[in-house]
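Each residue of the sequence shown is one higher than the one before, starting from 1 at the first, in full-length UniProt numbering. Yeah, the Cβ is synthetic: ideal placement off N, Cα and C, and Gly gets one too. What you are looking at is a predicted structure, and each value in this text was computed from that prediction instead of being measured.
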Amino acid sequence: MATVFQGLGTATALTASNSFDSKKLQLPARRSLSERKASFFVVRSDGSMNLNLDSNSGSRRAEQLITNAVATKADSSAASTASKSGHELLLFEALREGLEEEMDRDPNVCVMGEDVGHYGGSYKVTKGLATKYGDLRVLDTPIAENSFTGMGIGAAMTGLRPVVEGMNMGFLLLAFNQISNNCGMLHYTSGGQFKIPIVIRGPGGVGRQLGAEHSQRLESYFQSIPGIQMVACSTPYNAKGLMKAAIRSENPVILFEHVLLYNLKERIPDEEYICNLEEAEMVRPGEHVTILTYSRMRYHVMQAAKTLVNKGYDPEVIDIRSLKPFDLYTIGNSVKKTHRVLIVEECMRTGGIGASLTAAITENFNDYLDAPIVCLSSQDVPTPYAGTLEEWTVVQPAQIVTAVEQLCQ
1 MATVFQGLGT ATALTASNSF DSKKLQLPAR RSLSERKASF FVVRSDGSMN
51 LNLDSNSGSR RAEQLITNAV ATKADSSAAS TASKSGHELL LFEALREGLE
101 EEMDRDPNVC VMGEDVGHYG GSYKVTKGLA TKYGDLRVLD TPIAENSFTG
151 MGIGAAMTGL RPVVEGMNMG FLLLAFNQIS NNCGMLHYTS GGQFKIPIVI
201 RGPGGVGRQL GAEHSQRLES YFQSIPGIQM VACSTPYNAK GLMKAAIRSE
251 NPVILFEHVL LYNLKERIPD EEYICNLEEA EMVRPGEHVT ILTYSRMRYH
301 VMQAAKTLVN KGYDPEVIDI RSLKPFDLYT IGNSVKKTHR VLIVEECMRT
351 GGIGASLTAA ITENFNDYLD APIVCLSSQD VPTPYAGTLE EWTVVQPAQI
401 VTAVEQLCQ
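What follows is the structure in structure tokens.
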């Protein structure tokens with residue numbers, strides 16, 4: 001297998017991710033991707049929904065899924081983006097476009113994982129790539145997460161830039177030893193002799209009645225591993241930008257994708273661009289309270305923001321995006337302005353991202369706070385299969401409204 005990877009090419013010197021500007025880079029135009037032929041439902045940036053289903057029985061379920069999963073996107077950036085030239089993509093298509101552009105640009109970029117080849121991945125992120133690049137660069141693996149994750153880390157040590165897909169982020173617990181003891185530490189333990197430019201990505205989060213084992217939020221599991229960066233995408237725009245930046249980074253990066261956001265649609269620029277791996281996104285400027293969130297909870301927060309504005313509150317919403325390290329510059333400036341902080345996450349409350357973020361804000365900006373930090377998290381229970389119970393375990397918009405009202409009293 002080592003011979004296979006050595007035959008793909010040698011490493012090229014690339015710019016570290018820290019030097020990337022969050023603004024668009026004017027680079028060669030994108031290549032068009034093949035259209036998705038499977039049935040799907042679309043949520044546009046303005047919140048409108050377009051269903052394209054083969055069976056009548058699935059229509060109502062799909063409508064319920066999206067209604068509960070993604071709130072209407074009401075931030076100003078969506079409206080401004082829609083008025084500009086570009087092309088509309090679903091989030092999973094944006095990930096594919098970013099991956100394809102990087103594979104065109106750098107022959108050392110390769111993909112590996114279960115069913116990523118001719119099947120196109122469990123959520124079609126890699127659809128069509130095996131036909132275009134061949135089975136050596138888009139490698140189907142056995143059902144053995146520890147083996148192919150370790151193989152990807154070894155490939156990165158030899159100069160390749162592998163993108164390892166976990167069919168579900170929960171399955172990557174089987175590769176925790178490889179990710180923690182090898183992926184995050186080899187650059188240090190080798191005295192800098194090896195770099196590990198690997199991207200580990202896949203779907204996670206609470207879906208729609210997927211059961212406890214397929215509803216894992218593993219951000220808190222990986223955040224304590226030294227040497228690893230973590231980012232979470234929430235829109236097609238930042239999904240593509242973060243994918244490209246992660247592939248070009250010299251550090252190992254874990255890219256968290258939410259299973260219920262894959263069909264979110266947005267217009268993105270035709271020009272190539274890259275997002276900063278360590279920069280948060282200002283979703284909605286405000287004055288009264290800072291709401292920090294990421295991934296799917298961004299849309300629950302924006303739904304709650306509509307109610308809050310009608311009640312006279314002016315919340316500032318920040319999608320932190322970078323889960324490790326935190327963008328304390330953007331967060332700190334917001335705290336200094338609003339003096340109140342609400343954290344909304346889908347991660348577990350005990351030892352979650354919210355707990356680490358609370359500690360970081362308290363250590364750095366405690367003197368600017370006029371009220372204790374409030375953190376809304378998922379309950380510390382396995383995610384139930386029953387739909388009504390599943391909703392009870394995850395933060396809902398009404399809870400966010402109540403928390404802001406109490407915080408601003």
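Of L242, R284 and C375, the smallest CA-CA separation from T402 is found for C375.
With fewer than 16 other Cβ atoms from the protein chains shown falling within 10 Å of its own Cβ, V381 counts as exposed. Of the other Cβ atoms in all chains shown, fewer than 16 fall within 10 Å of the Cβ of T362; this residue is therefore exposed. Inside the region 325-366, DSSP marks whole alpha helix (DSSP H) runs of 4 or more residues at positions 328-338 and 353-365, from first to last along the chain. Distance from the CA atom of R161 to the CA atom of E101, rounded to whole angstroms, is 14 Å. DSSP, read as helix, strand or coil, puts A175 in helix. Looking at the backbone, the Cα of G128 and that of L210 are separated by about 27 Å. G286 carries a coil assignment under DSSP once its states are collapsed to helix, strand and coil.
Within its own chain, the residues whose Cβ lies closer than 6 Å to the Cβ of G351, once the five positions on either side in sequence are excluded, are S220, listed in chain order. With a 10 Å radius around the Cβ and a threshold of 16 neighbouring Cβ atoms, N310 comes out exposed. T235 counts as buried, since at least 16 other C-beta atoms from the protein chains shown sit within 10 angstroms of its C-beta. Taking every protein chain shown into account, the CB of L389 has fewer than 16 other CB atoms within 10 angstroms, so this residue is exposed.
By the Cβ criterion, the region 138-158 is in contact with the region 192-202, since at least three pairs of Cβ atoms, one from each stretch, lie closer than 8 Å.
Going by DSSP, H300 is part of no beta strand (DSSP E) but of the alpha helix (DSSP H) stretching over M297 to N310. A direct Cα-Cα distance of roughly 42 Å separates A175 from S85. Comparing alpha-carbon positions, the option among P107, Y368, P325 and K336 lying closest to Q223 turns out to be P325. By DSSP's assignment, C110 forms a beta bridge with P162. About 7 Å separates the CB atoms of G202 and E257; that is less than 8 Å, so the two are in contact. Between A245 and the set C275, A94, G227 and E266, the nearest pair of CA atoms involves C275. Separation of Q379 and S356 (C-alpha to C-alpha, rounded to the nearest whole angstrom) is 17 Å. Between E281 and I228, the CB-CB gap reaches or exceeds 8 Å.
If you look at V317, you'll find it in the beta strand (DSSP E) that goes P315 to D319. I353 has its alpha-carbon roughly 22 Å from the corresponding atom of Y262. Nearest to P252 by alpha-carbon distance, out of L264, I225, D270 and P269, is I225. If you check the CB distance, V111 and L91 do not come in under 8 Å. Rounded to whole angstroms, the separation of the alpha carbons of S249 and M230 is 12 Å. Cα atoms of I320 and Y294: separation of roughly 6 Å, rounded to the nearest angstrom.
Under the 10 Å beta carbon count, Q303 is surrounded by 16 or more other beta carbons and is classified as buried. DSSP lists no bridge partner for C233. Here the C-alpha atom of R217 lies approximately 18 Å from the C-alpha atom of V164. Under the three-state reduction of DSSP, P397 is assigned to helix. Cβ contact annotation for N146 (same chain, cutoff 8 Å, sequence separation greater than five): L174, A175, N177 and Q178, in chain order.
Contact annotation, T290 with V341: C-beta distance approximately 5 Å; criterion of less than 8 Å satisfied.
A check of alpha carbon separations from Y299 across L264, D270 and I268 identifies L264 as the nearest. Beta-bridge analysis with DSSP links E257 to P203.
In the three-state scheme derived from DSSP, where H, G and I count as helix and E and B as strand, E266 is classed as strand.
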